[in-house]
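Have a look at the structure below before the remarks.
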Amino acid sequence: MPGPDAESSGFRTVQFALKVQDTRIDVKAQLPEGPIRPAVLLPIIQNLSNSLSEIAERRAELLGRHVSCREGCGACCRQAVPITPVEAGMLSEWIAAQPEERKAILRARFRHAAERLEGSGIAQSIREASLPLDKGQIHVLGLKYFALGIPCPFLEEERCTIHPIRPLRCREYMVVSAAEHCAHPESKQVVGIKPPVLLSQVLGKWSASGEAQPFEFILLTMLDEWEAAHPAIEDRAIRGVPELLHEFLHAFASKNAASPAPNPNEELSL
Ligand code: SF4
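Residue numbers (the numbering used here): 18 to 287.
Right, here's the structure in full:
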C-alpha cells in the first residue's frame, strides 16, 4: 500500500464499513486513481477474509471450541484447493517474478502435481465437469485428490511459503477437531468452522462475471494449465476503482439476502 503522501500522487483513499453478524469491519485502503486490474483489490479482500475468519474463531471460542490449526501442520495442504481466476492470475505473476532458481523449483513441483493428476484421471474429470460442482461431487473429488498425497507446491517443511498471499480458501479452512484427524479426512472426524461469509465464493462469483464461459474455481495444482489457457486475463478486466469495488461489494452483499445495496465510502450492513 502507498504511504501517506500517496493521495497527491495519483492514489485515492477508499473507506467503508461492513457489519457482519454483530461485528463491524472497517476497511480503509489507498488505491490508484485510474483503472486497475481486479487483483489490485486482493490485499483488501485478503484482510477482509482474515477478519471474517476471526469472527468465526471467536464464536467457536464462545462455544468452547478451539481452532487446532497451527503453523507447521500442513495436513490440509494436501487437499484440493480451489482458487479464483483473480488469485490464479496473481499467483502466476508472483511465480514469474521469482528468481530463476526458485521459479524452477516451483515449476517442477507444479509439473509433478499435474502429472499425478493426469495419471489419476482427476485432471480429465475436472476438465469435463460442468461447473459449479455440487456438494457430493466436491466431496468425492476431494477424497480422491487427498488420497494421492500431493503436497501443495508452496508447502515446505509443512509450512506455507506464501502465507501473506495464500488463497482465500486456505484462510477460510479452520478445524476445531484434534489435528491428528486432518490426515484422515475419510474418517469423518474432521470438524471445521466457516467464516460468516465465504469470500472465496464471493470472489469466484465476481471473477466469473466477466468471463465468456462462466467458471468459478481453478484447482491450485492445475495453475499452469489454467494460465496457458487464459493469458493476461486480468488485463481484459481492467476497470475504474469505483466500478470494481461496487461489483465486488454487490457480490459480497448477495451472500446475505438481508443486505442492502452496497456503497463504498458509506456504511454497508450485512
Ligand atoms: S497455499 Fe499455503 S496454506 Fe494453501 S495449501 Fe498451499 S501451502 Fe497450504
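Idealized CB from N, CA, C, for every residue including glycine. As the structure is a computational prediction, the values presented were derived from the model and not from experiment.
Out of curiosity, what's the CA-to-CA distance linking residue i and residue j?
{"i": "Ile179", "j": "Val98", "result": "14 Å"}
{"i": "Ile255", "j": "Leu79", "result": "43 Å"}
{"i": "Leu58", "j": "Ser137", "result": "36 Å"}
{"i": "Arg54", "j": "Ala249", "result": "11 Å"}
{"i": "Pro202", "j": "Leu165", "result": "13 Å"}
{"i": "Pro60", "j": "Leu215", "result": "16 Å"}
{"i": "Pro213", "j": "Val258", "result": "26 Å"}
{"i": "Ser224", "j": "Met107", "result": "13 Å"}
{"i": "Val157", "j": "Asp151", "result": "10 Å"}
{"i": "Arg29", "j": "Val44", "result": "14 Å"}
{"i": "Gly153", "j": "Ser26", "result": "51 Å"}
Closer than 8 Å to a non-hydrogen atom of the ligand SF4 - does that hold for the CB of residue i?
{"i": "His156", "result": "no"}
{"i": "Gln115", "result": "no"}
{"i": "Leu134", "result": "no"}
{"i": "Val98", "result": "yes"}
{"i": "Gly91", "result": "yes"}
{"i": "Cys199", "result": "no"}
{"i": "His180", "result": "yes"}
Starting from the C-beta of residue i, find all residues in its chain whose C-beta is less than 6 Å away, skip the five residues before and the five after it, and write them out in chain order.
{"i": "Ile210", "result": "Ala73, Ala77, Met191, Val193"}
{"i": "Leu2", "result": "The structure shown does not extend to residue 2, since the chain spans only 18 to 287, so no value can be given for it."}
Short of 7 Å in beta carbon distance, which residues of its chain neighbour residue i, apart from the five on each side in sequence? Order them along the chain.
{"i": "His198", "result": "Ser204, Gln206, Val207"}
{"i": "Leu261", "result": "Ile53, Pro55, Leu58"}
{"i": "Cys93", "result": "Tyr190, Cys199"}
Have a look at the DSSP bridge pairing and note the partners of residue i.
{"i": "Leu176", "result": "Residue identity check: residue 176 is Arg in the sequence provided, not Leu. Glu173."}
{"i": "Arg29", "result": "Leu48"}
{"i": "Gly305", "result": "The structure shown does not extend to residue 305, since the chain is modelled only from 18 through 287, so no value can be given for it."}
Go through its chain and collect everything with a Cβ distance to residue i's Cβ below 8 Å, but skip five positions before and after it.
{"i": "Ala229", "result": "The predicted position of Ala229 is uncertain, since its pLDDT is 48 and thus under 50; no value can be drawn from it."}
{"i": "Ser70", "result": "Arg188, Glu189, Met191, Pro212"}
**Request:** Could you tell me whether the region 80-87 touches the region 168-185, where touching means 3 or more Cβ pairs closer than 8 Å?
**Result:** The region 80-87 is not in contact with the region 168-185.
**Item:** At least three beta-carbon pairs within less than 8 Å, the region 131-146 to the region 40-56
**Value:** They do not touch, by the three-pair rule.
**Asked** For the region 213-223 against the region 262-269, are there 3 or more C-beta pairs whose distance is under 8 Å?
**Response** With the cut-off at 8 Å, the region 213-223 and the region 262-269 touch.
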